[in-house]
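Numbering (my numbering), first residue to last: 48 to 132.
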């Protein structure tokens with residue numbers, strides 16, 4: 048169901064904790080380019096980041112790129128539907 052509620056940091060962290068190692072597929076479905084994914088991977092390697100932190104960084108990149116008026120929950124639900132169908 049669409050909502051006008053903002054995506055909060057705790058929501059992004061919860062989603063990040065539930066993503067699998069296939070986060071790059073989710074990133075592609077969200078429209079994050081391969082070069083941006085490579086930046087996330089490089090930063091994670093340099094920092095020694097945990098998988099959930101890498102997922103969170105990807106989700107933050109996605110959320111920051113969307114217009115403020117975008118319904119991020121609807122976009123996320125739409126992407127999840129395509130990913131698992």
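Even glycine gets a Cβ: it sits at the ideal position worked out from N, Cα and C.
These numbers come from a predicted model, not from an experiment.
query: Outcome for residue 97 when other beta-carbon atoms lying within 10 angstroms are tallied against a minimum of 16; result: exposed
query: Beta-carbon proximity check, residue 74 vs residue 105, cutoff 8 Å; result: yes
query: Distance, residue 71 Cα to residue 57 Cα; result: 21 Å
query: As assigned by DSSP and simplified to three states, the class of residue 64; result: helix
query: Buried or exposed by the 16-neighbour rule on C-beta atoms within 10 Å, applied to residue 63; result: buried
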